[in-house]
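In the working numbering, the protein residues as written are 1 to 198.
Everything below concerns the one structure shown next.
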Ligand SMILES: CC(C)(COP(=O)(O)OP(=O)(O)OC[C@H]1O[C@@H](n2cnc3c(N)ncnc32)[C@H](O)[C@@H]1OP(=O)(O)O)[C@@H](O)C(=O)NCCC(=O)NCCS
């Protein structure tokens, strides 16, 4: 059974293989401003070294700290890895609060599943498994966005109970209730979406 774990050394070998799969898809180039892309740019070619990998994993974990160092405009973020045994399958990142950009486009959540593990339900299971964690961070409902062309991500969000609010630019915006006993329909907040439980 796959599970969510904090970033750490257990899946080192398989994490490196997964990053090669992302690179083969064009991730980690200068234009890739995603978290994954930035990580590949910064640590790629170095994180084969167990010490560098441990440093990387520690930095990812520390990004959840309220007072940790982070680029201007970035908010604290909890990242969890979706793994089965020693195999890295993907990751989900939970941004602890929304700034203007995240509210309009980025949302609270980012996720990726490695190419060789796709279309097996992992992203759906990973997002579902993360909802209690998201709730424990104090987020309910959670905003998840995806590109209007990203059919897979859209299906993931909808299968996890995402309630569509609107489209901003090319981003589709959905709210998902995270509470353990969320009522079927609840107000998300003044002027915001209706969010439904599963
Ligand atoms: C989006 C992504 C996370 C989906 O991961 P996944 O593990 O393959 O997703 P799942 O297996 O849970 O599939 C969820 C649904 O999407 C569908 N789906 C998956 N890949 C698809 C594709 N390429 N085209 C169309 N539908 C697809 C599945 O069939 C499933 O729908 P169904 O239950 O109705 O059949 C993965 O493709 C990915 O990492 N992409 C690159 C990064 C990305 O886009 N991240 C999301 C940013 S918002």
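Here a beta-carbon is modelled for each residue, glycine too, at the ideal position from N, C-alpha and C.
Q. Does the beta carbon of residue 146 fall short of 8 angstroms from some heavy atom of ligand 1?
A. yes
Q. In this structure, what does DSSP give as the bridge partners for residue 93?
A. 79, 110
**Q.** For residue 128, the three-state DSSP class (helix, strand or coil)
**A.** helix
Q. Which term fits residue 120, buried or exposed, when burial requires 16 or more other beta carbons within 10 angstroms of its beta carbon?
A. exposed
Q.
Among the candidates 64, 174, 9, 45, whose CA atom is the shortest distance from the CA of residue 255?
A. Residue 255 is absent from the model: the chain starts at 1 and stops at 198.
Q: Leaving aside the five residues before and after residue 28 along the sequence, list all residues of the same chain whose C-beta is less than 7 angstroms from its C-beta, in chain order.
A: 22, 37, 40, 41, 44
Q) Within 10 angstroms of its Cβ, does residue 168 collect 16 or more other Cβ (buried), or is it exposed? A) exposed
Q) Going by other Cβ atoms of all chains shown within 10 Å of its Cβ, with 16 needed for buried, is residue 2 buried or exposed? A) buried
(Q) Tell me which residues share the same chain as residue 5 and place their Cβ nearer than 7 angstroms to its Cβ, disregarding the 5 neighbours each side in the sequence. (A) 80, 81, 83
(Q) Suppose only complete runs of 4+ residues qualify. What are the alpha helix (DSSP H) ranges in the stretch 34-68, listed by chain order? (A) 35-43, 50-62
Q. Between which two residues does the alpha helix (DSSP H) harbouring residue 21 extend?
A. 12-24
Q. Mind checking whether residue 134 and residue 173 have CB atoms under 9 angstroms apart?
A. no
(Q) Quick check on DSSP: helix, strand or coil for residue 29? (A) coil
Q. Rounded to a whole number of angstroms, what is the C-alpha to C-alpha distance between residue 140 and residue 54?
A. 32 angstroms
**Q.** Bridge partner(s) assigned by DSSP for residue 164
**A.** 174
Q. With distances taken between CB atoms, is the gap from residue 18 to residue 127 smaller than 9 angstroms?
A. no
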